[in-house]
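Below is one structure, written out as structure tokens, with a few remarks after it.
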Amino acid sequence: GKTTTARIVARALNCQEDGRTSPAADPCGQCESCRAISEDRSVDVLEIDAASHTGVDNIRDLLDGVKYAPVSSRYKIYIIDEVHMLSKGAFNALLKTLEEPPAHVKFLFATTEADRVPITVRSRCQRFDLRRISADDLAAYFATLVDKEGVTIEDEALQLIARAADGSARDGLSLLDQAIALSHGQVSSDDVRAMLGLSDQSRVIALFKAIASGQPETALSLFQGLYADGADPAGVIRSVAEFSHDLTRLHVTKGKADLGPGEANRESILEVGRGLSVPQLSRFWQASLAGLAEVQSAFQPSMAAEMVLMRLCYLAQMPDPAGLLAQMRDASGAAPPGDAAPRVALAPSGAPVSASTPSTPKAPESSSSSSPSPAPSPAAPPPVAAPSEGTSSTVETRQEEPPIPEAPDWNDIPPLDDAPPPLEAFDGEGELQPQAEPEILTLPAGFDGLIDMIGEHASALLSAQLAEDVHLVRFEPPRIELRLTSRAPRDLPRMLQEAVLNLTGEQLTVAISDEEGDLPVAEARRLALQAELDQASKHPTVQAALQAFPSAKVQDVRYKPNATPQE
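Position one of the sequence shown corresponds to residue 1252 (this note's numbering), numbered consecutively onward.
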């Protein structure tokens, strides 16, 4: 209706009813100017299709006549249809005239894609967006037309055509002409459904009922019947999506929504929707919408439609997140959320766990050179308590990840070309001078805190070496005693001294000992975390989650912020 509206505006601008000298808000349609425009014979109204006249030369030819006054009308009017199809050069050629148009010239642009028109052109135009006509208004308009034509048509058929027109009177008239030609003057809703490739409403209701009940066999049988009767597979899935949309509108409006062609089956539709919630209907809508794209692009649409219907049936049997949590609480006998269960993340079996705890269990002293067993020492933290109240639960399932390989031998890493040569020996003597104006930090009270500080403010590599390859023997600043593993770099003590000096300004004495010392901090953290994971896995809600997701594993334990020690 854009071009038709432009012609009406042209008639209003040039209407000469009773010798008037100004535009008319309501053109008479009887004067010579109005009749000439309606009959497309006015020399002062030029209509151009920009889709076939896109170049600069076409616009230049058009603009050559702009300087001449109209022959018999008030204004010379240029109607450019599909103006967005003009080339960039054509728009540039037109721009100067739009900036300073002659007083006797008017341009009327029609387009369905106004955003494709350059902003320099749009800013010089007055814009009118045409609204869609409601389905009820279209149906009433079509009813008056068929009465004048002497055609018998069912009300439901009119509603189907009006909805298919999607707010366009011209498209609706084309569909109405097709339906009349197809039905020989007796138009039924079945004829219109067959013409539009739609499914019978009662059969769609039965199909959706089977989907909502989780009955894939029934749904497939109903679909095969529709397909055998000539229904388009994509049309069937579209009908399912529209049905879920109608049910959602009924839920939101408490049964007051207008169903258009489905009004005759309102009670049946309401009956199907009574057992469904809005979240369920939203999932049906999303799944059917995604399935519609699959059907439209599939090599065999009927096969794709069957797979979509089976997916919808199994989707109906799945509980929503709130229902799943309720089932897990019922199975475990746990209290409602907020009273129990640590916040637990689930990962696939075999996935590595990351360590994050400030405690460092100490290995028992032994003269044996074998690896010490991880037993707690007096410096170790108390045993990990079972998760208690005040913690929350989070469940995640992830793809299985490969295990992280062991840390490499730091001596195997080749030095940089510009790195200083390694020291021949470390004597633990000599004074080191701090760098100029360092950022002064406080020396942590524990070795694990010192490692974290170095990792955050100095060197992640040095922090990892200290965590993996160092056994703490004594931590009594400004003196600490360490036992290095065979993988530790030989200048690690000097690097530690330099890092502490640069960060805190304190001179640290690092002594190498032969005593066993504590477990490396990284290993101790892994053991402590594993103890927490074992305790968390014993919680009833977590056990119910593990039963619901057999391939999952507890990955991490997170406590609520600002929780009390009892929590």
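All C-beta atoms, glycine included, are put in the ideal place defined by N, C-alpha and C.
A quick note: this is a predicted structure, and the numbers were derived from the prediction, not measured.
Outcome for residue i when other beta-carbon atoms lying within 10 angstroms are tallied against a minimum of 16
{"i": "M1554", "result": "exposed"}
{"i": "E1364", "result": "exposed"}
{"i": "V1524", "result": "One detail in the question is off: residue 1524 reads as Gly in this sequence, not Val. G1524 is buried by the Cβ-count criterion."}
{"i": "F1535", "result": "buried"}
{"i": "V1443", "result": "buried"}
{"i": "V1546", "result": "buried"}
{"i": "I1288", "result": "buried"}
{"i": "D1699", "result": "buried"}
{"i": "I1691", "result": "exposed"}
{"i": "N1265", "result": "buried"}
{"i": "Q1281", "result": "exposed"}
{"i": "F1550", "result": "exposed"}
{"i": "Q1748", "result": "buried"}
{"i": "R1367", "result": "exposed"}
{"i": "P1812", "result": "exposed"}
{"i": "A1261", "result": "buried"}
{"i": "E1774", "result": "buried"}
{"i": "T1736", "result": "exposed"}
Residue i versus residue j: straight-line alpha-carbon distance, rounded
{"i": "A1275", "j": "E1290", "result": "19 Å"}
{"i": "D1231", "j": "P1353", "result": "This structure cannot speak to residue 1231, because the chain is shown only from 1252 to 1818."}
{"i": "G1785", "j": "P1771", "result": "Reading off the sequence shown, one finds Asp at residue 1785, where the question assumed Gly. If you take the alpha carbons of D1785 and P1771, they lie about 21 Å apart."}
{"i": "D1315", "j": "L1345", "result": "11 Å"}
{"i": "A1803", "j": "V1793", "result": "11 Å"}
{"i": "L1823", "j": "L1717", "result": "This structure cannot speak to residue 1823, because the chain is shown only from 1252 to 1818."}
{"i": "L1701", "j": "R1776", "result": "15 Å"}
{"i": "L1337", "j": "L1521", "result": "51 Å"}
{"i": "P1530", "j": "S1273", "result": "59 Å"}
{"i": "A1606", "j": "M1579", "result": "Because A1606 carries a pLDDT of 40, less than 50, the predicted location of this residue cannot be relied on, and the following value inherits that uncertainty. One C-alpha to the other measures close to 28 Å."}
{"i": "A1567", "j": "L1532", "result": "9 Å"}
{"i": "L1286", "j": "G1270", "result": "It should be noted that the sequence gives Arg, not Leu, for residue 1286. So the alpha carbons of these two residues sit roughly 15 Å apart."}
{"i": "Y1478", "j": "P1484", "result": "7 Å"}
{"i": "A1391", "j": "G1423", "result": "12 Å"}
{"i": "L1743", "j": "A1709", "result": "14 Å"}
{"i": "A1544", "j": "V1559", "result": "10 Å"}
{"i": "V1721", "j": "P1801", "result": "38 Å"}
{"i": "E1647", "j": "V1808", "result": "Model confidence at E1647 stands at a pLDDT of 44, short of 50, so the residue's coordinates are unreliable; what they give is reported in the following sentence. E1647 and V1808: Cα-Cα distance of roughly 12 Å."}
{"i": "T1348", "j": "G1252", "result": "27 Å"}
{"i": "R1383", "j": "V1805", "result": "55 Å"}
{"i": "E1766", "j": "A1750", "result": "24 Å"}
{"i": "G1542", "j": "A1556", "result": "7 Å"}
{"i": "L1563", "j": "A1463", "result": "8 Å"}
{"i": "P1570", "j": "S1495", "result": "18 Å"}
{"i": "T1469", "j": "Y1565", "result": "13 Å"}
{"i": "L1426", "j": "G1401", "result": "17 Å"}
{"i": "L1471", "j": "Q1537", "result": "20 Å"}
{"i": "T1255", "j": "E1298", "result": "11 Å"}
{"i": "I1259", "j": "P1278", "result": "8 Å"}
{"i": "L1313", "j": "E1333", "result": "16 Å"}
{"i": "A1795", "j": "L1576", "result": "10 Å"}
Segment limits, beta strand (DSSP E) that includes residue i
{"i": "Q1806", "result": "1803 to 1809"}
{"i": "Y1319", "result": "Unbroken run through Y1319: none, as it is neither H nor E."}
{"i": "L1723", "result": "1721 to 1727"}
{"i": "Y1329", "result": "1327 to 1332"}
N-terminal and C-terminal residue of the alpha helix (DSSP H) that residue i is part of
{"i": "I1259", "result": "1253 to 1265"}
{"i": "V1294", "result": "No alpha helix (DSSP H) contains V1294, which DSSP labels as neither H nor E."}
{"i": "H1496", "result": "1484 to 1503"}
{"i": "A1555", "result": "1552 to 1568"}
{"i": "P1791", "result": "1791 to 1799"}
{"i": "N1813", "result": "Run containing N1813: none; DSSP gives neither H nor E here."}
{"i": "K1460", "result": "1452 to 1463"}
{"i": "E1246", "result": "Lying before the first or after the last residue shown, residue 1246 is absent from the chain, which here runs from 1252 to 1818."}
{"i": "T1469", "result": "1467 to 1479"}
C-beta neighbour in chain B for residue i, strict 9 Å
{"i": "L1458", "result": "The structure shown has no chain B; it contains just one protein chain."}
heavy atom of the ligand MG below 8 Å from residue i C-beta
{"i": "S1439", "result": "Among the components of this structure there are no ligands whatsoever, and the ligand MG is therefore not found."}
**Prompt:** Is the region 1477 to 1493 touching the region 1450 to 1461, taking contact as three or more C-beta pairs under 8 Å?
**Reply:** yes
**Prompt:** How about the region 1319 to 1332 and the region 1358 to 1374: do they share at least three Cβ pairs that are nearer than 8 Å?
**Reply:** yes
**Message:** For the region 1432 to 1440 against the region 1492 to 1511, do three or more pairs of beta-carbon atoms, one drawn from each stretch, fall closer than 8 Å, so that the two count as touching?
**Reply:** No, the region 1432 to 1440 does not touch the region 1492 to 1511.
**Request:** Pick out the complete alpha helix (DSSP H) segments inside the region 1362 to 1439, 4 residues or longer, and give them in chain order.
**Result:** 1370 to 1373, 1386 to 1400, 1406 to 1416, 1420 to 1434
**Request:** Could I get the ranges of all uninterrupted alpha helix (DSSP H) runs contained in the region 1730 to 1773, with 4 residues as the minimum, in chain order?
**Result:** 1743 to 1755
**Prompt:** Do the region 1366 to 1375 and the region 1395 to 1411 make contact, defined as three or more Cβ pairs closer than 8 Å?
**Reply:** The region 1366 to 1375, when compared against the region 1395 to 1411, does not touch it at the 8 Å Cβ threshold.
**Message:** At 4 residues or longer, what runs of the alpha helix (DSSP H) sit wholly inside the region 1692 to 1722?
**Reply:** For secondary structure counted as the alpha helix (DSSP H) over 4 or more consecutive residues, the region 1692 to 1722 holds these complete runs in sequence order: 1698 to 1708, 1711 to 1720.
**Message:** Ignoring anything shorter than 3 residues, give me the beta strand (DSSP E) runs that lie fully in the region 1519 to 1550, in order along the chain.
**Reply:** none
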